[in-house]
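If you use this note's numbering, the sequence shown closes out at 594, no skipped numbers anywhere.
C-beta: ideal position from N, C-alpha, C; glycine also.
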Amino acid sequence: MESDDRAAVHAEGIVKRYGPTVALDGARLTVRPGEAHALVGRNGAGKSTLVSVLTGMERPDAGRVTFGDEPAPGWGDTAAWQRKVACVYQKSMTVPELTVAENLYLNRFHGERTIRWRSLRERARELLAEYGVEVDPAARIRDLGVEQRQFVEIARALSFGARLIILDEPTARLDAGGIDRLFGKLRSLRAQGVAFLFISHHLQEVYELCDTVTVFRDARHVLTAPVAGLAEDDLVGAMTGERAGAARTARTARTAGEPLLRAEGLAADGHFAPLDLTVRAGEVVGLAGATASGNTAIGETLVGLRAPDGGRIAVRGRPVRTGSVPHALDAGIGYVPEDRHREGLILGRSVAENATLAVADQLGPMGTVLPSRTRAFARRMIAALDIKTTGPGQPVSGLSGGNQQKVVIARALAREPAVLVAIRPTNGVDVKSKGALLGVVREVADGGSGAVIVSDELDDLRICDRVLAVFHGRVTTEFTGGWRDHELVAAMEGMGSETSPGTQDTAGTEGTAP
Numbered sequence: 081m082e083s084d085d086r087a088a089v090h091a092e093g094i095v096k097r098y099g100p101t102v103a104l105d106g107a108r109l110t111v112r113p114g115e116a117h118a119l120v121g122r123n124g125a126g127k128s129t130l131v132s133v134l135t136g137m138e139r140p141d142a143g144r145v146t147f148g149d150e151p152a153p154g155w156g157d158t159a160a161w162q163r164k165v166a167c168v169y170q171k172s173m174t175v176p177e178l179t180v181a182e183n184l185y186l187n188r189f190h191g192e193r194t195i196r197w198r199s200l201r202e203r204a205r206e207l208l209a210e211y212g213v214e215v216d217p218a219a220r221i222r223d224l225g226v227e228q229r230q231f232v233e234i235a236r237a238l239s240f241g242a243r244l245i246i247l248d249e250p251t252a253r254l255d256a257g258g259i260d261r262l263f264g265k266l267r268s269l270r271a272q273g274v275a276f277l278f279i280s281h282h283l284q285e286v287y288e289l290c291d292t293v294t295v296f297r298d299a300r301h302v303l304t305a306p307v308a309g310l311a312e313d314d315l316v317g318a319m320t321g322e323r324a325g326a327a328r329t330a331r332t333a334r335t336a337g338e339p340l341l342r343a344e345g346l347a348a349d350g351h352f353a354p355l356d357l358t359v360r361a362g363e364v365v366g367l368a369g370a371t372a373s374g375n376t377a378i379g380e381t382l383v384g385l386r387a388p389d390g391g392r393i394a395v396r397g398r399p400v401r402t403g404s405v406p407h408a409l410d411a412g413i414g415y416v417p418e419d420r421h422r423e424g425l426i427l428g429r430s431v432a433e434n435a436t437l438a439v440a441d442q443l444g445p446m447g448t449v450l451p452s453r454t455r456a457f458a459r460r461m462i463a464a465l466d467i468k469t470t471g472p473g474q475p476v477s478g479l480s481g482g483n484q485q486k487v488v489i490a491r492a493l494a495r496e497p498a499v500l501v502a503i504r505p506t507n508g509v510d511v512k513s514k515g516a517l518l519g520v521v522r523e524v525a526d527g528g529s530g531a532v533i534v535s536d537e538l539d540d541l542r543i544c545d546r547v548l549a550v551f552h553g554r555v556t557t558e559f560t561g562g563w564r565d566h567e568l569v570a571a572m573e574g575m576g577s578e579t580s581p582g583t584q585d586t587a588g589t590e591g592t593a594p
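Here it is as structure tokens:
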């Protein structure tokens with residue numbers, strides 16, 4: 081690490097509000113030249129907002145940012161920001177149809193009347209060699225692997241002069257070998273004075289790569305400490321606000337009924353390893369995992385949105401054709417998607433139309449849909465779920481977020497499914513609505529059906545009877561009978577012991593991914 085004690089970036093007193101929501105509340109961060117600095121925290125902690133401020137994408141309401149001994153560039157001066165900092169996102173920002181050389185020099189031909197392609201490729205080759213990136217400049221980005229695309233983006237950022245690179249979940253789509261090569265490249269660049277701000281849900285990678293870690297919680301800075309010597313319990317405790325000795329989340333013992341859903345040997349290459357899963361009548365099962373852990377892919381496979389590469393699914397003992405949403409619905413699997421606006425609602429249509437989309441065949445004879453039946457069905461769902469609306473005919477776009485989500489759940493429940501699969505069911509709703517929505521899921525199970533909640537939100541998972549922690553596509557830990565927040569978070573972040581107190585070792589049992 082360089083001896084220069086000027087900060088690669090220093091942020092102090094950063095405040096950012098979006099209406100009544102405080103996304104950052106006096107946040108601070110300092111990253112030194114040549115340092116690998118981790119920024120961690122649960123969803124909603126403020127990490128993404130801080131990245132937007134540090135890269136000039138968002139203007140803070142208060143506070144200041146400096147790079148070295150210079151103030152941050154002016155708002156909107158993109159070229160100046162590129163010379164200071166760059167962010168390599170989990171989703172590649174390169175142009176797939178262009179070559180490596182074209183991506184490296186995209187939007188950098190100002191004043192040139194013609195492009196000398198041979199010269200361009202040679203300049204690209206020299207640039208890549210300077211940073212030890214072994215990629216053919218003539219190759220199209222679409223033909224590269226995730227790891228190579230990341231190296232190209234890092235090289236492009238450094239070519240502008242930036243000496244601070246923000247890596248947002250860089251290992252989410254890499255295998256073990258790719259992670260090792262990425263970390264090796266980062267270490268060599270650090271020796272050249274390049275600083276990295278490393279954002280990851282995988283805390284063991286923080287211990288492997290980083291010198292310093294900063295923790296945000298509830299939009300505030302709560303901890304900055306050297307990684308060496310920082311106990312894992314203390315790090316997880318800072319993220320959750322709960323210490324290792326905190327009280328357990330107790331689960332009332334329930335007698336689970338007959339198996340309703342069974343998945344055996346279910347697998348999707350690149351997403352999750354083979355797993356067995358059983359959901360019983362009266363039971364809510366949680367699939368807990370951070371971004372790209374594989375838990376969302378498991379949920380999507382159960383409901384037919386994703387075709388597995390192996391395994392089978394059965395509902396009440398009857399096989400379900402995998403990779404088919406209609407067959408999953410007919411078999412008795414209900415689905416609440418994560419993004420209600422993109423996947424769950426037709427915003428220009430009424431509450432009644434949205435709530436009855438899955439049962440249109442039941443609303444009239446010979447394929448017709450009778451408005452009177454539609455309204456009557458919708459009124460029953462409105463009453464059952466306490467949807468706050470002026471009536472069945474109100475456009476769903478006029479409802480609050482929580483009530484829109486209740487309409488999505490109403491549609492999923494319209495066919496009286498045996499098992500309800502809900503992916504992040506409280507995403508984007510207020511605290512009061514969260515409780516109501518989770519209460520509906522609990523009532524579904526208490527009524528004799530089964531439910532699966534796919535989420536990384538601790539509040540979502542508290543209503544579960546069992547929680548399976550998913551990490552890198554494998555179920556690592558099963559929690560039954562209660563758990564502590566820090567235990568569950570540690571398991572989701574890849575640091576949980578498979579036989580820690582309050583858990584069951586899942587090896588060789590249902591819910592495992594061998």
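Check                                                                                                                                                                      : Outcome
Residue 430 lies in the alpha helix (DSSP H); which residues open and close that run?                                                                                      : No alpha helix (DSSP H) holds residue 430; DSSP gives it neither H nor E.
Going by DSSP in three states, residue 287 sits in which element: helix, strand or coil?                                                                                   : helix
At the level of alpha carbons, what is the spacing between residue 468 and residue 102?                                                                                    : 26 Å
Can you tell which of 307, 149, 213 has its C-alpha closest to the C-alpha of residue 266?                                                                                 : 213
So residue 556 is in the beta strand (DSSP E); what residue range does that whole segment cover?                                                                           : 554 to 560
DSSP three-state label for residue 358, please.                                                                                                                            : strand
Hey, would you say residue 597 sits closer than 9 Å to residue 498, going by beta carbons?                                                                                 : Coverage of the chain is limited to positions 81 through 594, which leaves residue 597 absent and any answer about it impossible.
Checking the sheet assignment: what are the DSSP bridge partners for residue 113?                                                                                          : According to DSSP, residue 113 bridges with nothing at all.
For a cutoff of 9 Å on Cβ pairs, would you count residue 201 as touching chain B?                                                                                          : Checking the listed chains, one finds no chain B in this structure; it contains a single protein chain.
Helix, strand or coil: which one does DSSP assign to residue 279?                                                                                                          : strand
With the cut-off set at 9 Å, would you say residue 379 and residue 407 are in Cβ contact?                                                                                  : no
Ordered along the chain, which non-local residues of its own chain (more than five positions away) have a Cβ less than 6 Å from that of residue 574?                       : 282, 284, 551
Output needed for residue 268: all residues of its chain with C-beta closer than 8 Å, excluding positions within five of it in sequence on either side, in chain order.    : 212
Is it buried or exposed for residue 137, if we count other Cβ within 10 angstroms and need 16 for buried?                                                                  : exposed
Who are the near neighbours of residue 290 in its chain, counting only those whose CB is closer than 6 Å to its CB and skipping five residues on each side?                : 116, 118, 278, 307
Tell whether a beta-carbon distance below 9 Å holds between residue 293 and residue 238.                                                                                   : no
Helix or strand or just coil, what does DSSP make of residue 263?                                                                                                          : helix
Return the chain-ordered list of same chain residues with a C-beta closer than 7 Å to the C-beta of residue 344, the five sequence neighbours on each side being excluded. : 356, 391, 392
Are residue 475 and residue 454 touching if we call contact CB-CB under 9 Å?                                                                                               : no
My output table needs one value for residue 315: the three-state DSSP class, helix, strand or coil.                                                                        : helix
Measure the CB-CB distance between residue 242 and residue 553 and report whether it falls below 9 Å.                                                                      : no
Just to confirm the assignment: which complete beta strand (DSSP E) runs, minimum length 3, are found wholly within the stretch 162 to 232?                                : 165 to 168
Let me know the secondary structure DSSP gives residue 524 once reduced to three states.                                                                                   : helix
If we ignore side chains and look at the alpha-carbon of each, how far apart do residue 104 and residue 126 end up?                                                        : 6 Å
Would you identify the three-state DSSP class for residue 452, choosing helix, strand or coil?                                                                             : helix
Whose CA, out of 123, 531, 106, lies closest to the CA of residue 342?                                                                                                     : 531
Could you check how far apart the C-beta atoms of residue 414 and residue 501 are, in whole angstroms? I think they sit under 8 Å.                                         : 7 Å
Let me check one thing: in DSSP terms, what residues is residue 550 bridge-paired to?                                                                                      : 555
With a threshold of 8 Å on Cβ separation, who are the neighbours of residue 176 within its own chain once the five nearest residues in sequence on each side are excluded? : 220, 221, 222
Can you name the residues that DSSP bridges to residue 294?                                                                                                                : 119, 304
With a cut-off of 8 Å, do at least 3 Cβ pairs link the stretch 158 to 175 to the stretch 130 to 144?                                                                       : yes
Should residue 398 be counted as a contact of the ligand SAM given a C-beta to heavy atom distance under 8 Å?                                                              : Of ligands this structure carries none, so the ligand SAM is not represented either.
Just mark residue 248 as buried or exposed, buried being the case when its beta carbon has 16 or more other beta carbons within 10 Å.                                      : buried
Go ahead and pull the three-state DSSP assignment for residue 489.                                                                                                         : helix
With 16 as the cutoff for other CB atoms within 10 Å, does residue 563 come out buried or exposed?                                                                         : buried
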